[in-house]
Amino acid sequence: MAGDSSDIPLHIPDAPHRPGDESEFTDWPWKPEDLGMLEMDCSAEESSEHATGLVRVLGDDNSASGKWNPNLSPEDLKMGLEYMLRLRIFDDRMMKMQRTGKLSFYMRSFGEEAVAIAQTMALETQDWLFPTYRQPGAQFVRGRDMVSMICHCIGNEEDNVKGRQMPVHYTYKEGRFISVSSPVGTQFSQAVGVALASRYKDLDEVTITWIGDGASAEGDYHYALNFAAIFKAPVILNVVNNQWAISTHSNFASGLQNFAIRGIPYGIPSIRVDGNDFLALFSVTRWARERASMGLGPTHIEVLTYRAGAHSSSDDPSRYRPHDENEYWPGGDPIDRLKDHLISIGEWTEKDHDELSEKLDSEVMGAYKEAVKFGDLANGPYPSSDAIFTEVYETPPWHLMEQWEEMKKWRDE
Amino acid sequence: MPNMNMVESVNSALDTMLSNDEDVIIFGEDVGYFGGVFRTSDGLQEKFGKHRVFDSPLSEGGIAATAFGMGINGLRPVVEIQFADYIFPAYDQIVNEMAKVRHRSGGEFWCPVTIRTPAGGGIRGGHHHSQSPEAQFTHTPGLKVVYCSTPYNAKGLLISAIEDNDPVIFFEPKRCYRGPFYGDPHNVPTWGGHPEAEVPESHYSIPLGQARLALEGNDCTVIAWGAMVHVCEQAIKDSGISCDLIDLQTLVPWDKEAIEESISKTGRCVIVHEAPKTSGFGAEMVASIQERCFWSLESPIERVTGWDTPFPHTTEWDYMPGPDRIAAAIAKTQEN
């Protein structure tokens, strides 16, 4: 009887392409000229065109146009390009470290470099970042030292979270980058609380948070939208729709082909933005920040992008999607697009780009060499296992003190 | 008889039950097309159709609630929570709904759901890919709680769990999917040639509530479940002391005859689990053994457990109970 019950009317969605299929995406109908600016105090309903359309600034020819053009200076654009390229080169080096046993695990941001970088650049330094594991790039914008990031990923003696968390689960309080947690989605509703605390203290702080398309099926996503709308939290709620949650296509996360419009019935102005368009991302985020800062409440943003790499170093996407699907993504590559834009306005050349790549390569290599001086996973030295017992509570109670002594006895014998 | 690792034997149990019972359906995160992140449902969607084996949204609460609904309407869902650490969004549905529906409905509804979930440490999984939360379910009346340890008992117990008309939480020790774990991270054996890896392809079952006597001896009863069974085997060898090693297999309801019989013989007992000590299932074992076997006991019962801390990443070998700690506890029971 196996497999012959195809007349059972249970509907199960599928991904658009599986291994062996030709990858085909419909060309995007959306152009930078399509959508005007929204009024700051617009209602949720008034944003519906922006939620069903797509805010773009960089057109198919990579020129910048339209009402959402943030008119950034060439210096800012070059800075954004540098951050993105640094992240890509950093990711590649970290993945090599993972493959040689120097890290236990790794997750790249490949294809999504613009998301955290453009959005964090659009914020003020006092704003809070509540990321997932796919937004480490925000730390570059906030000035985190690369050596310290690598030490965390190794979990060596200089890891600021003391070897406790898996790689890529960064914590960077100085940059207001809140500790990454593995359970997906939890941060989304917590961010609303951070934002409400800022409001309570009457501070001009905005909180930004991200969630994946897949994790938007978790309850936390819906709690966040509801609480944010009701209490008018100064929060920017981003659904990064990168099409894939490990092997699960976004078709399994929503019955709609659109994530942005889910904010509207909650009462939150909602926008969909081209997630590989640095300028559009910057602009939409800047707009959302201004609204939040003016006390007008949350903004819900779908960041439309594509996870060009594997979910993690443990994943092999060629088992569940065509190996070249990313090459057909209508949004292209965020680094290429900003680079081509800069070239088209005469502010950048291929030679500049090569020189920047080389500079970043040696910067990453230098940081890597510096970081492994403090130990690598294959060879140690490791952080002291005393860190198992500290900071479980503010002060260890007696039973932890006893167990700590016992652990030391076994370790040190 | 084919030699299977635990991934293959779990897959074989699911395959057997999908073939035997049209009401069995399987869903969870990445379990459909991809066959699961640990490959336990590999090939099953292709074989049985995507209405029998399918991906779900990333929503553990939704998975449990949907399984509950399907269960009370006559299906027999087998769902996967990708890591036991991620089961907590489903906790309300499991604890307040699945576990109580038979009782609260006066026996008119029941929920024959099996929730499979990889658990335990030893894979450098840090806080959120290493926990062993069995005690958070053994404390809930209405649930049965199973923890397999070998390819053979994984299949036999999983088939019993699926055939059972009560909700069952089924823990799979992920460190043992591809080989037993003897407590030395540098020793990575496969299941090849292991007697517990001889697994029939056909249907067989191991009754829930029955323990397995993994080693037989005279001087101490060592009780464990999951990956710790193999670590205890190593510790017993290292200790040179003759021990019964009881692989509990089912935690609720646990096998009182097997425990009582062994302790009345040995008079001494060590309980081992990798979950934290406080309110761990070892505490329940100690209390119950004290109630039932007090006059047989010759020495205090020892517990060897994970510490009362979150599970660490780089220093996990200082967290997980190892053969040295267990062997010392066995020796201590022999002192008086």
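Chains as they are written, first to last, in my numbering: chain V, 890 to 1302; chain E, 20 to 355. Here a beta-carbon is modelled for each residue, glycine too, at the ideal position from N, C-alpha and C.
Continuous beta strand (DSSP E) stretch holding residue i: start and end
{"i": "I255/E", "result": "First-last for I255/E: 247-258, but that is the alpha helix (DSSP H), not the beta strand (DSSP E)."}
{"i": "R135/E", "result": "133-138"}
{"i": "P295/E", "result": "288-295"}
8 Å Cβ cutoff met for residue i and residue j
{"i": "V50/E", "j": "G90/E", "result": "no"}
{"i": "E191/E", "j": "V72/E", "result": "no"}
{"i": "S1274/V", "j": "F994/V", "result": "no"}
{"i": "G198/E", "j": "N22/E", "result": "no"}
{"i": "F189/E", "j": "R123/E", "result": "no"}
{"i": "P1020/V", "j": "V1069/V", "result": "yes"}
{"i": "F1148/V", "j": "A1007/V", "result": "no"}
{"i": "F979/V", "j": "V1253/V", "result": "yes"}
{"i": "V1050/V", "j": "V1128/V", "result": "no"}
{"i": "I265/E", "j": "I349/E", "result": "no"}
{"i": "A230/E", "j": "E252/E", "result": "no"}
{"i": "V946/V", "j": "L1012/V", "result": "no"}
{"i": "E1236/V", "j": "P963/V", "result": "yes"}
{"i": "K991/V", "j": "D1265/V", "result": "yes"}
{"i": "C288/E", "j": "T240/E", "result": "yes"}
{"i": "P76/E", "j": "A1113/V", "result": "no"}
{"i": "E215/E", "j": "Y171/E", "result": "yes"}
Residues near residue i by beta carbon distance below 6 Å, same chain, minus five either side
{"i": "S283/E", "result": "S315"}
{"i": "S149/E", "result": "G140, F330"}
{"i": "A1086/V", "result": "none"}
{"i": "D965/V", "result": "none"}
{"i": "A1267/V", "result": "G990, K991"}
Any chain E beta carbon closer than 8 Å to residue i
{"i": "L1126/V", "result": "no"}
{"i": "F1278/V", "result": "yes"}
{"i": "Q1146/V", "result": "no"}
{"i": "S1202/V", "result": "no"}
{"i": "L1208/V", "result": "The sequence given here places Arg at residue 1208/V; Leu does not occur at that position. Yes, R1208/V counts as interfacial toward chain E."}
{"i": "T1137/V", "result": "yes"}
{"i": "A891/V", "result": "Unreliable placement is indicated for A891/V, whose pLDDT of 40 sits below 50; no coordinate value is reported for it."}
{"i": "S993/V", "result": "yes"}
Below-8 Å beta-carbon distance, residue i vs any chain V residue
{"i": "T136/E", "result": "no"}
{"i": "H205/E", "result": "no"}
{"i": "G141/E", "result": "no"}
{"i": "H122/E", "result": "no"}
{"i": "H148/E", "result": "yes"}
{"i": "P152/E", "result": "no"}
{"i": "Y171/E", "result": "no"}
{"i": "S75/E", "result": "yes"}
{"i": "E191/E", "result": "no"}
{"i": "R287/E", "result": "no"}
{"i": "K351/E", "result": "no"}
Distance, residue j Cα to residue i Cα
{"i": "M1290/V", "j": "T297/E", "result": "14 Å"}
{"i": "K967/V", "j": "L1231/V", "result": "8 Å"}
{"i": "Y338/E", "j": "R344/E", "result": "11 Å"}
{"i": "M117/E", "j": "R988/V", "result": "43 Å"}
{"i": "M1010/V", "j": "F1029/V", "result": "10 Å"}
{"i": "T1055/V", "j": "P898/V", "result": "First, the amino acid is wrong: residue 1055/V is Met here, not Thr. Answer to the nearest angstrom: the Cα atoms are 42 Å apart."}
{"i": "T35/E", "j": "E217/E", "result": "16 Å"}
{"i": "V1057/V", "j": "C1042/V", "result": "6 Å"}
{"i": "P1154/V", "j": "S932/V", "result": "11 Å"}
{"i": "A1003/V", "j": "C1040/V", "result": "24 Å"}
{"i": "A1177/V", "j": "Q1024/V", "result": "18 Å"}
{"i": "K1298/V", "j": "V250/E", "result": "20 Å"}
{"i": "T85/E", "j": "E65/E", "result": "23 Å"}
Terminal residues of the alpha helix (DSSP H) in which residue i lies
{"i": "C195/E", "result": "Careful: C195/E lies outside any alpha helix (DSSP H) and carries neither H nor E."}
{"i": "H1230/V", "result": "1223-1233"}
{"i": "H1242/V", "result": "1239-1261"}
{"i": "R975/V", "result": "963-988"}
{"i": "K174/E", "result": "170-182"}
{"i": "C1042/V", "result": "1035-1043"}
{"i": "P342/E", "result": "342-352"}
Cβ shell of residue i (< 7 Å), same chain only, five flanking positions each side left out
{"i": "G1074/V", "result": "I1100, A1104, E1107, D1109, Y1110"}
{"i": "M890/V", "result": "Bear in mind that a pLDDT of 38 at M890/V, under 50, signals an unreliable position, so the number given afterwards is only what the model happens to contain. If we look at M890/V and ignore the five residues flanking it on each side, it has no Cβ neighbours."}
{"i": "S31/E", "result": "M23, K174, V218, E220"}
{"i": "D893/V", "result": "Residue confidence for D893/V is low, a pLDDT of 48 falling below 50, so the modelled location carries little weight; the figure read from the coordinates is stated next. For D893/V, where only same-chain residues beyond five positions count, there are no Cβ hits under 7 Å."}
beta-carbon residue i near the ligand ADP non-hydrogen atom, thresh 7 Å
{"i": "I1039/V", "result": "With respect to small molecules bound, the structure shown includes none, and the ligand ADP cannot be examined in it."}
Sequence-distant residues of its chain with Cβ nearer than 8 Å to residue i (five each side left out)
{"i": "T157/E", "result": "V164, L270, V271, F300, E303"}
{"i": "S1233/V", "result": "D950, N951, S952"}
{"i": "D111/E", "result": "G80"}
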